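Inspection log for the structure reproduced underneath, given as structure tokens.
Chains as they are written, first to last, in UniProt numbering: chain A, 1 to 304; chain B, 1 to 304.
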């Protein structure tokens, strides 16, 4: 109920307008690194200083016109150029629908290619975030197409909650495509996705095994310490080098765990979102865990 | 007086809001090919069909934030990608301040480089339009820098009304940089620019001579038939091939002349502006010639 209520708010434009006015003060700044590139880069420098890598996400989703996709493409190019100038230890993550996938797949591929090309120039990597299931196949095919064209610094994400994922992971591993593995965060039907937490967890471990055994570079994106510990001991037992995988977590979530893993010598990558359109991302974070919302409510009672 | 009044309107946001609502119907569509890329491409196809090449300008000027520059960079990349897909006979023109030159020259160079790189991939050419005199040196240096980096498909514009222009033309000709020559359309002080029409014209001819004699490719951008005729006969006398130069004119201005030159076998390039921010461009066109404003006034009296 709590989750549905909040996911409902994510699509509410009046709530968004209100939040945009007061939200950063009320606690959104815990989960969103700022509205501008400059603010995001300051947050990134602090993380890099602690030995934590980043992936930068210029927030934006649910676009209605291709002009918006052009704007986001420009924002990503500018981001990559700034990361190069400032020698950021990081890469970028983008949403294919943000580049027009839902409106015009042909021009979306062209936009994403331009970003991947700019990234290659600076030896930076581009992750295509995985959205909800209507875009799973199209997103995977975008990445495969770019690899066929000779681009290697681009990968995507596979969600453990989807039944299809083991098949996808196997094929993409044969093609040596860099993947992030996650449990999955969208609302999906039980006809295509595991509904039970235990089933998702055991599929997640299965996918992690396939990837770690293959040696193809993999990001394991979770805040679940059980999965993290399991991964560490699996990798240790199989003598899988730490250079073959990394842990990924979100900005503002389990920060002490991120720091301690980094101190232990694991590659830790923090997903750093920024931009004017931070509201839907923020609401999803609140929906995930009541503790996140409690943090915001505490902030509302605090004097400036 | 007429010109000052209209140039004043160019900076008036209330007038702009009013114009954006009614302007296309009232005649802006004579000088602006549309607000969207799709509309612009339709206009371009019609011109290409008549043997007229184009240079496409995604209108935008006077930006206040670098986010806007990112949006324009994205729009130009998307434009170049679409021109490639649709096999347009044309190139693009952009304003350096639109890419952030006045706000942050370092990132502006990065944005322009990304556009020039995309253009090179498709064998397309990028013209940096020349703005008013505070940006003359910076614009020339942007182009020289890109040429030093190995990009050849980028050039700029030299304005005959500036005293400095013969020096600039000579140096850029030695460096074999593609130039457009124009009389100049901004309001400049007589301390840096010729005030008399005759002086501008004779300097214009002087610059044209330097370029045609050099063989480095040159666009001669004018609606002045005296200059056009003079250029034709100069080129003929000196046996300068038509492949060494082209005539450029604006969309909607002297259209029959554009068509007849193209029929005669001259390369004619039509400058095709489009985009949401068409108002300042449109007002400058009205300011140039009372006849253009008369056209709009006639349209206002016409029934739909």
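C-beta: ideal position from N, C-alpha, C; glycine also.
Keep in mind the model is a prediction, meaning the values are calculated, not measured.
- The bridge partners DSSP lists for residue 155 of chain A are A/127.
- In chain order, 74, 77, 78, 81 make up the part of chain A whose C-beta sits under 8 Å from the C-beta of residue 111 of chain B.
- Taking all protein chains in view, the Cβ of residue 58 of chain B is crowded by 16 or more other Cβ atoms within 10 Å, so the residue is classified as buried.
- The C-beta of residue 118 of chain B comes closer than 8 Å to at least one C-beta of chain A.
- Residue-level contact by beta carbon fails for residue 201 of chain B and chain A, as no gap is shorter than 8 Å.
- Taking a Cβ-Cβ threshold of 7 Å, the residues of chain B close to residue 71 of chain A are 70, 71, 74, in chain order.
- Residues of the segment 93-108 of chain B whose Cβ lies closer than 7 Å to any Cβ of chain A, in chain order: 107.
- Cβ-Cβ separation between residue 192 of chain A and residue 133 of chain A: approximately 6 Å, consistent with a contact (criterion under 8 Å).
- Going by DSSP, residue 236 of chain A is part of the alpha helix (DSSP H) stretching over 225-237.
- Between residue 114 of chain A and chain B, the shortest Cβ-Cβ separation is below 8 Å.
- Within the same chain, 158, 159, 203, 207 come within 8 Å of residue 165 of chain A by CB-CB distance, once the 5 residues on both sides are set aside.
- Assignment of residue 277 of chain A by DSSP, reduced to helix, strand and coil, places it in the coil class.
- About 4 Å separates the Cβ atoms of residue 125 of chain B and residue 91 of chain B, confirming a contact at the 8 Å cut-off.
- Residue pairing by DSSP places residue 180 of chain B opposite B/157, B/219 in a beta bridge.
- Here the segment 239-246 of chain A makes no contact with the segment 183-202 of chain A; the two share fewer than three CB pairs at distances below 8 Å.
- In the structure shown, residue 53 of chain B falls within a strand segment according to DSSP collapsed to helix, strand and coil.
- Assignment of residue 111 of chain A by DSSP, reduced to helix, strand and coil, places it in the helix class.
- Within 10 angstroms of the beta-carbon of residue 113 of chain A lie 16 or more other beta-carbons, which makes it buried.
- For residue 91 of chain A, the enclosing beta strand (DSSP E) stretches over residues 90-94.
- Taking the C-beta atoms as reference points, residue 107 of chain B is found nearer than 8 Å to residue 78 of chain A.
- Within the same chain, and ignoring the five residues on either side of residue 270 of chain B in sequence, the residues whose Cβ sits closer than 8 Å to its Cβ are 47, 52, 53, 54, 55, 248, 249, 250, 251, 258.
- In the pairwise beta carbon analysis, the segment 175-184 of chain A is classified as touching the segment 205-224 of chain A: at least three pairs are separated by under 8 Å.
- A distance below 8 Å separates the beta carbons of residue 80 of chain A and residue 118 of chain A.
- Where residue 68 of chain A is concerned, the enclosing alpha helix (DSSP H) starts and stops at 66-85.
- Per DSSP, the unbroken alpha helix (DSSP H) holding residue 259 of chain A starts and ends at 255-263.
- In the assembly as shown, residue 60 of chain A is a buried residue. Its beta-carbon has 16 or more other beta-carbons within 10 Å.
- Shown here, residue 102 of chain A sits in coil according to DSSP, grouped into three states, outside any helix or strand.
- Restricting attention to B/111, B/74, B/37, B/131, the CA atom closest to the CA of residue 284 of chain B is found in B/131.
- Residue 154 of chain A has its alpha-carbon roughly 7 Å from the corresponding atom of residue 116 of chain A.
- Looking at the DSSP output, residue 162 of chain A shares a beta bridge with A/193.
- Per the C-alpha coordinates, the member of A/187, A/67, A/268, A/140 positioned closest to residue 172 of chain A is A/140.
- The alpha-carbon separation between residue 267 of chain A and residue 260 of chain A amounts to approximately 11 Å.
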